[in-house]
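**Q** Here it is: the structure, laid out below.
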Amino acid sequence: MFSRLRVMLLWTPALLLAGLGFWWAGHNREPASRPGQVDISWYVLITPLREVYEAQVAEFERLHPGVKVHIFWVPGSEFNVKLKTLAAAHQVPDLFFTGDVWLSYLLPFTRDLTPLVKRDAAEIGLDDFFPEIQRAMQLNGKYYILPEYANLSLLYYNRGMFAAAHQPEPTGDWTWADLVHAGRALTHAGADGATPVWGAARVEGWWGEWLIYVRQAGGKVFTPDGHRCLLDSPAAVAGLKFYLEKSTRHRISAPAGFEPINGFVNQRVAMVVGGHTNYWLNYNQVPGLDWDIQLLPAGPAGRSGGELAIAGYSISRDCRHPEETWALVKYLTRREAIAEVVRHGHLAVRRSVAAAVMNAPGTHAHPQNLAAAYRQFEFSEPIPHHPNYIEIMFQVVQPEVDRMLLGELTPEETGRRAATAVNEFLATFDPPAP
Amino acid sequence: MNRRRAELFWFCLFAGPALLGFVAFNLWPMLDSLWLSFCQYEVIAPPRFIGLQNYRYLFTYDPSFWPSVKVTLVFTAVQVPLAIGAALALALLLNQPVRGRGFWRAVYFLPSILPQAAFAVVFGYIFQADGGLLNRGLALFGVPGTAWTTSPTWALPVLIVISLWGFGYPMVIFLAALQDVPRELYEAAHIDGAGAWARFRHVTLPLISPIIFFNVVMGVISALKVFDLAYAFSVAQAQPTPGGPARATLFYGLNLYEQAFGYFHMGLASAMAWLLFAFILVITFINFRAGRRWVHYGD
Amino acid sequence: MNRRSTPATLALYATLAFGALVMLLPLAWMLLTSLKTYPEILRNPAPWLPARPQWGNYSAVLAGFAYYRFFLNSVFVAVMVIAGTILTCCPAAYAFAFYDVKHKDLIFGALLATLMLPAQVTVIPLFKAFATLHWVNTYLPLIVPSWLGGNVFGIFLLRQFFRTIPRSFIEAARLDGASEWAILWRLVVPMSLPAVLTVAVFTFLWSWNDLFNPLVYLQSESLGTLPVGLLYFIARAEQLTGGSIGQVPWHLVMALATVMVTPVIVLFAFVQRRFVEGVAASGVKG
């Protein structure tokens, strides 16, 4: 009897403890909510804008008593993967940072914002967004994203190096031939004869530059329905060929493996085609780097083909408080907020903000030809909307392009092999039609 | 009769949780994953049967499958012999009459039980091109260093070297086996005039051959499954996609994880998982067959 | 025992000492780096020794970056997993060691075969199932399997040890009227404490060092265990320094890595003899 009591005394607390452990292990981790409080979970990338966001949220919560915003910071490399993992686990946050590049990938759990955008068009100043930006906010005629900033492909050049080579600076009516011509004049063996200086860099490892040429030559990655790859078309191959021949035939670019952005910063290349507007901040921190931008040079099929990508906000389909979350989205993309983001070195998505910056000389050192950036909008288009675009480009197409640059494949073979591999990929993974 | 029934009752009660766990966490997932390997399953939509398409894609078109197979096989072929060799050599040293055997054994064993993630991070710093410990050490001897971790040639050897710190398990198993070898056998061999090498070759080796065999099998299985080390190394090196540079460290396990939880090709990843499982079974079987020839099971 | 000449003995000890130095070098460099200042880290090359040991780095990373939380998460998961393993593996091992049930060896063989099953085979269906149960982003996927005998190796090791206990002991206890449950916990387990300890340590290492499962199941940063926390910390530092690993605050990273390995080293220092012998036994008898 006594021993049984002792056993009970021993096991009961143990079981209680274990029970407590399981409760703790499994209990709902949603932030504690007070009655009447509206909780919004916001999933956001860690960027230099962190303090800006924190200040905005504090101000928003002050303006909207009863709303509490919970920010989840996520490192960039994991961002979209984690978001999709949460979706797979039925736990998408109310609000998430995203971009049109990711929209098709995240579409299954992204909320259609069209009714809200239409209802509040005047309040958000829909027409204040550049028309191209407005297009990037949509997919199949529906609105999914409110933008915060944008990236677009441009021609970057080093003014000092052009002056030293007595070359006229690039103009808005340049073609590929002008790029090659100036590039040849700017390329030389270097002051010591051992560290060559190149007329143009070549952006390698992703589609940043070669997709421009493919599109400017009249090529496309996919058929409009996204079910077939067209990289083996003669036009696309012509684009790949120009990309390759920058080093092999025209000799204005270094052979494969040269780091273009470091080269531009160290003044070892005079021009970069494509680039990224996120680098503006870095360029401006380099002493003595006198740089500017121009429209992209035109290809055989025209000037259009540069990339325009927006970064902004989407609301999840399962969002618990759509109205309050929508209010936060409007707050984060209102004119003053965009102006603040532009002060941190980004490209304005609102016309009023762009105009204010351009009409206030002295507020920006470089690029001086800011007007070119906003003119480039009309020659830009979003990357193809395909749920697996990023993966296809990085994992399936890029290895073939890399082999072309190493001299293992001709542009024709590259186009053919890439198209075949992508079509096999699509046959294996293309989501069934709904 | 009554006793039998009682035993069955207690067996079910005691082993029940483990058997339930076996079914829920091994048997069922195993069969479900076999089914998924014949499906297109991208998480958002329910699985859809597509026959052998996943396998066909892996073998013929998948740009990362064969590179990851190659990385894993090279790693296994180099790392396992090196680790087993080092473990055996050290066990032989420690089997000499040394003072503080327990201490040495502990020191050599310790790195094996430390978290691989921490090891990958610390070694990433040591192998850094600029100011890394290794390059500074080499500079002392006038040997020029290189960018070990960002070079497609050196990244895999670097991971092999890192993993060699984990030879502790085979080492202590060897040491225990060596200590079981009866002293008289050596003394008899010594009297017969056998040299150190002959004693090792004709006395030690045959007696510990089952242990060598066991260690090789275990080493191969764990080398084929490498994940933590490769993933942590990729993150610590700020690689844009895991397994870089240029897929040089894209281990099979890492590739599988990326397909499953990076790109959500769960069907394809299941096919990869089953290929790995089948390969492990075949390798183990071959090991056993080959083992019969050279393993000496004395009684 | 044959006589050894002094040079050979010397060479033996020199080899052992040199090897030990190499084995411990990464740990030493980790510790030294964790005690430096950020300017010292950024200097190229960084000094061999910190000018003055910065123990404050530890409080900076644990309190300042709230990484004490990752530590506590790791401890919590490890404790729950060890408890579950001991509570379910001991009875299972007892059952397989002492009961004569039809097909027992076949069942045990099937259990053992799962040791060969790579985690990659089961993770996808399990993720699917845990997602349906809304268990993703909780600790349950890490803990529950261990409460259902998830550590087959533990069952195997305990069974090997239990079988060395003479059956007559058990029969005697039964004749005394002890229940099976009591025989297990009051007789068999106390007699097998070294084996139970070995299994507990194995389980701790497995749980503490695991990167794969937390990576798959714990998506919120605040839930992470130390291995994922360490990687988050680096990824975040890279983000803030513009992706340049040259500027990663390695002193803080190493402090965190030290926090991660210290419990393992301390535990090992206490149990190393028993544990190493347990490992050796698992191989020699297995």
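Protein chains in written order, with the numbering used here: chain E, 1 to 434; chain A, 1001 to 1299; chain Z, 2001 to 2286. We treat Cβ as the ideally placed atom computed from N, Cα and C, and that holds for glycine.
1. In whole angstroms, give me the CA-to-CA distance for LEU332 of chain E and LEU2087 of chain Z.
2. At a Cβ cut of 7 Å, what residues of the stretch 2149 to 2177 of chain Z count as close to chain A, listed as they run along the chain?
3. So, do the stretch 1247 to 1266 of chain A and the stretch 1111 to 1118 of chain A have three or more beta carbon pairs nearer to each other than 8 Å?
4. Nearer than 8 Å: is that true of the beta carbon of PHE1233 of chain A relative to any heavy atom of the ligand FAD?
5. Along chain E, which residues have their Cβ under 7 Å away from the Cβ of MET2080 of chain Z?
6. Report back the beta-carbon spacing between MET1266 of chain A and LEU1110 of chain A to the nearest angstrom; my notes put them in contact at under 8 Å.
7. Using a Cβ-Cβ cutoff of less than 7 Å, which residues in the same chain neighbour VAL2271 of chain Z once the five nearest sequence positions on both sides are dropped?
8. Given that a residue counts as buried once 16 or more other Cβ atoms are within 10 Å of its Cβ, and exposed if not, what is ASN2151 of chain Z?
9. Is there at least one Cβ from chain E nearer than 9 Å to ASN2057 of chain Z's Cβ?
10. Classify ALA191 of chain E as buried or exposed, calling it buried when 16 or more other Cβ atoms lie within 10 Å of its own Cβ.
11. Residues of chain Z with a CB under 7 Å from the CB of GLY1131 of chain A: which are they?
12. How many angstroms separate the CA atom of MET1171 of chain A from the CA atom of VAL401 of chain E?
13. So, does the CB of ARG2289 of chain Z fall closer than 9 Å to a CB anywhere in chain A?
14. Thinking VAL1078 of chain A and ILE1212 of chain A are a contact (beta carbons under 8 Å), I'd like their distance in whole angstroms, please.
15. By the 10 Å Cβ neighbour count, where 16 or more other Cβ atoms means buried, how is GLY2243 of chain Z classified, buried or exposed?
16. Taking the alpha-carbon positions, what's the PRO1097 of chain A to GLN1179 of chain A distance?
17. Report the neighbours of GLN435 of chain E on chain A: residues whose CB is nearer than 7 Å to its CB, in chain order.
18. Can VAL1226 of chain A and LEU1254 of chain A be called in contact, C-beta distance under 9 Å?
19. How about the stretch 52 to 70 of chain E and the stretch 2101 to 2113 of chain Z: do they share at least three Cβ pairs that are nearer than 8 Å?
20. Reducing DSSP to helix, strand and coil, say where SER2282 of chain Z ends up.
21. Within 10 angstroms of the Cβ of ALA2017 of chain Z, are there 16 or more other Cβ atoms? Answer buried if so, exposed if not.
22. Got a sec: which bits of the stretch 88 to 119 of chain E sit with their beta carbon under 7 Å from any beta carbon on chain A, in order along the chain?
23. Since PHE97 of chain E and TYR43 of chain E are thought to touch, with beta carbons under 8 Å apart, how far apart are those beta carbons, to the nearest angstrom?
24. Using a C-beta to C-beta distance shorter than 7 Å, which residues of chain Z count as neighbours of THR85 of chain E?
25. Count the other CB atoms, across all protein chains shown, that sit within 10 Å of the CB of LEU1052 of chain A; report buried if there are 16 or more and exposed otherwise.
26. Which residues in the same chain have their Cβ closer than 6 Å to the Cβ of TYR105 of chain E, if we skip the five residues on either side of it in sequence?
27. Buried or exposed: where does ARG343 of chain E fall if 16 or more other Cβ atoms within 10 Å of its Cβ makes it buried?
28. Tell me, please, whether the CB atom of MET2254 of chain Z is closer than 9 Å to any CB atom in chain A?
29. Where does LYS246 of chain E sit, in a helix, a strand or coil, going by DSSP?
30. Using DSSP with H/G/I as helix, E/B as strand and the rest coil, what is ILE40 of chain E?
31. Quick test of the definition: if touching needs 3 or more C-beta pairs under 8 Å, does the stretch 232 to 239 of chain E touch the stretch 99 to 113 of chain E?
32. Whether or not the stretch 2189 to 2196 of chain Z and the stretch 2209 to 2218 of chain Z are in contact is what I'm after, with contact meaning three or more pairs of Cβ atoms, one per stretch, closer than 8 Å; do they touch?
33. Assuming ASP2105 of chain Z is part of the alpha helix (DSSP H), what are its boundary residues?
34. Can the beta-carbon of TYR2067 of chain Z be found closer than 9 Å to that of VAL2259 of chain Z?
35. So is ALA1106 of chain A in contact with chain E if we call contact Cβ pairs under 9 Å?
36. Rank E:GLN216, E:GLU148, E:THR171 by C-alpha distance to the C-alpha of ALA354 of chain E and give the top, closest one.
**A** This is what the structure gives:
1. Sequence index remark: in the first sequence, residue 332 of chain E carries index 332 (1-based). Sequence index remark: in the third sequence, residue 2087 of chain Z carries index 87 (1-based). Distance between the alpha carbons of LEU332 of chain E and LEU2087 of chain Z: 53 Å.
2. GLY2149, GLY2150, ILE2155
3. no
4. Questions concerning the ligand FAD fall outside what the structure shown contains, since it holds no ligand whatsoever.
5. Along the third sequence, one-based indexing puts residue 2080 of chain Z at 80. Correct list: GLY21, ALA25.
6. Here residue 1266 of chain A refers to the residue found at position 266 of the second sequence. Here residue 1110 of chain A refers to the residue found at position 110 of the second sequence. Actually they are not in contact, since the Cβ atoms of MET1266 of chain A and LEU1110 of chain A sit about 38 Å apart, beyond 8 Å.
7. The count along the third sequence starts at 1 and reaches residue 2271 of chain Z at position 271. Excluding residues within five positions, the ones whose Cβ falls inside 7 Å are LEU2197, VAL2201.
8. Along the third sequence, read from residue 1 onward, the residue named residue 2151 of chain Z stands at position 151. With 16 or more Cβ atoms within 10 Å of its Cβ, ASN2151 of chain Z is classed as buried.
9. Here residue 2057 of chain Z refers to the residue found at position 57 when the third sequence is read from its first residue. False, the Cβ-Cβ gap to chain E never drops below 9 Å.
10. Looking up residue 191 of chain E in the first sequence gives position 191. Exposed: under 16 other Cβ atoms inside 10 Å.
11. Taking the second sequence and counting its residues from 1, one reaches residue 1131 of chain A at position 131. Those within 7 Å of GLY1131 of chain A in chain Z are ASN2044, PRO2045, ALA2046.
12. Looking up residue 1171 of chain A in the second sequence gives position 171. Looking up residue 401 of chain E in the first sequence gives position 401. Taking the CA atoms as reference points, MET1171 of chain A sits about 47 Å from VAL401 of chain E.
13. As shown, chain Z starts at 2001 and ends at 2286. That puts residue 2289 of chain Z outside it, with no answer to give.
14. As a first step, residue 1078 of chain A must be located in the second sequence, where it is residue number 78. As a first step, residue 1212 of chain A must be located in the second sequence, where it is residue number 212. Not quite, the Cβ-Cβ distance comes to about 18 Å (not below 8 Å), so this is no contact.
15. In the third sequence, counting from the first residue as 1, residue 2243 of chain Z sits at position 243. Only weak support exists for where GLY2243 of chain Z lies, its pLDDT of 48 falling under 50; the value from the coordinates is given anyway. Counting Cβ neighbours within 10 Å, GLY2243 of chain Z comes out exposed, since fewer than 16 surround it.
16. Within the second sequence, residue 1097 of chain A is the residue found at index 97, counting from 1. Within the second sequence, residue 1179 of chain A is the residue found at index 179, counting from 1. Cα-Cα distance, rounded: 11 Å.
17. In the structure as shown, chain E starts at 1 and stops at 434, and residue 435 of chain E therefore has no counterpart that could be examined.
18. Counted from its first residue, the second sequence places residue 1226 of chain A at position 226. Counted from its first residue, the second sequence places residue 1254 of chain A at position 254. A contact, by the Cβ cut-off of 9 Å.
19. As far as the Cβ criterion goes, the stretch 52 to 70 of chain E does not touch the stretch 2101 to 2113 of chain Z, which means the pair count is below three.
20. If you number the third sequence from 1, residue 2282 of chain Z lands on position 282. Correct three-state label for SER2282 of chain Z: helix.
21. Locating residue 2017 of chain Z in the third sequence gives position 17, where the first residue counts as 1. Burial call: exposed.
22. ALA88, PRO108
23. One-based indexing of the first sequence puts residue 97 of chain E at position 97. One-based indexing of the first sequence puts residue 43 of chain E at position 43. Contact holds; Cβ gap of about 7 Å.
24. Start at 1 with the first residue of the first sequence, and residue 85 of chain E comes out as number 85. Within chain Z, the residues near THR85 of chain E are GLN2219.
25. In the second sequence, residue 1052 of chain A corresponds to position 52, counting from 1. Answer is exposed; the Cβ neighbour count stays below 16.
26. Within the first sequence, numbered from 1, the residue matching residue 105 of chain E stands at position 105. Its chain contains PRO387 as the residues whose beta carbon lies nearer than 6 Å to that of TYR105 of chain E, once the 5 sequence neighbours on both sides are disregarded; these appear in chain order.
27. Position 343 of the first sequence, counted from the start, is the residue given in the question as residue 343 of chain E. With fewer than 16 other Cβ atoms within 10 Å, it is exposed.
28. Here the question's residue 2254 of chain Z lines up with position 254 in the third sequence. Residue-level contact by beta carbon holds for MET2254 of chain Z and chain A, with a gap shorter than 9 Å.
29. For the purposes of this step, residue 246 of chain E is identified with residue 246 of the first sequence, where counting begins at 1. Helix.
30. As a working mapping, residue 40 of chain E is identified with position 40 in the first sequence. Three-state DSSP puts ILE40 of chain E in a strand.
31. Contact fails: fewer than three Cβ-Cβ distances are below 8 Å.
32. no
33. By one-based count along the third sequence, residue 2105 of chain Z stands at place 105. Element bounds for ASP2105 of chain Z: 2104 to 2113.
34. What you label residue 2067 of chain Z is simply residue 67 of the third sequence in a count that begins at 1. What you label residue 2259 of chain Z is simply residue 259 of the third sequence in a count that begins at 1. Taking 9 Å as the Cβ cut-off, TYR2067 of chain Z and VAL2259 of chain Z qualify as a contacting pair.
35. Walking along the second sequence from the start, residue 1106 of chain A turns up at place 106. Cβ-Cβ to chain E under 9 Å: no for ALA1106 of chain A.
36. Mapped onto the first sequence, residue 354 of chain E falls at position 354. It is E:GLU148.
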